[in-house]
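**Q** My structure is below; once you've seen it, I'll send some questions.
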Amino acid sequence: MIKNMSMKVKFLTAFISISILLVIIGLLGTFNMKKMQSTIDKMYTYNLQSIDELHTIKENLIEAKAGTIEIVNAEDIILINSIAEELGKYREENEILIQEYGNRELSQEAEGIWEIFLTNLHSYRTEINHLIQFAKEGNEISAISAFNSTLGIRN
């Protein structure tokens, strides 16, 4: 049957067959690329975004610790109030991030570590509040003592 076809029909049939094959391969490639994009989005949402949140929390805590050093060394009440306001902003941002991270599904091990972190954070914040209060009152010795207490709390 193929022998009886003209060359023109044979070339046309081969061209159409190859074109159909290319379209099928293109559609499969597009479908798999969309599937891969969906998987990548899930990986970011469930893995990398939580790591980013933890990183930002840690950065804010480091900035807050630097602020406490400034408060201990500050003698001007205006400067102390300004730094305390900055510390409040870091605290607010961390509260949002802590809420978001706390709502994620965590393994039992991560859940235990998270609870320890929250307990330490509460103790740390209590000492920072005392430090700010003592600094505002001009009680430098108590402020330094409160700062030293924060050093023993691991963030």
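Using the numbering used here, the letters of the sequence shown map in sequence onto residues 11 to 165. Where is the CB? At the ideal position from N, CA and C, for every residue including glycine. Just so it is clear, the structure is predicted and the values come from calculations on it, not from any experiment.
Taking its Cβ as the centre, do 16 or more other Cβ atoms sit within 10 Å of E95, making it buried, or is it exposed?
**A** exposed
**Q** Determine whether the beta carbon atoms of A153 and L141 lie at a separation below 7 Å.
**A** yes
**Q** Buried or exposed, going by whether 16 or more other CB atoms sit within 10 Å of the CB of Y56?
**A** exposed
**Q** Within its chain, find whatever has a CB closer than 6 Å to the CB of I163; leave out the 5 residues flanking it on each side and keep chain order.
**A** N130, S133 and Y134
**Q** Using three-state DSSP, classify S92 as helix, strand or coil.
**A** helix
**Q** Do the region 117 to 129 and the region 144 to 152 make contact, defined as three or more Cβ pairs closer than 8 Å?
**A** Note that the region 117 to 129 does not touch the region 144 to 152; fewer than 3 beta-carbon pairs, one per stretch, sit closer than 8 Å.
**Q** Could you have a look at N113 and say whether DSSP puts it in helix, strand or coil?
**A** coil
**Q** Which residues mark the beginning and the end of the alpha helix (DSSP H) in which S29 is found?
**A** M17 to M53
**Q** State the Cα-Cα distance for the pair S27 and T49, rounded to the nearest angstrom.
**A** For S27 and T49, the distance between alpha carbons rounds to 33 Å.
**Q** To the nearest angstrom, report how far apart L32 and K20 are at their CA atoms.
**A** Near 18 Å, if we compare the C-alpha coordinates of K20 and L32.
**Q** Counting Cβ pairs, one atom from each stretch, are 3 or more of them under 8 Å apart for the region 95 to 113 and the region 56 to 65?
**A** yes
**Q** Is it true that the CB of E103 sits closer than 7 Å to the CB of N139?
**A** no
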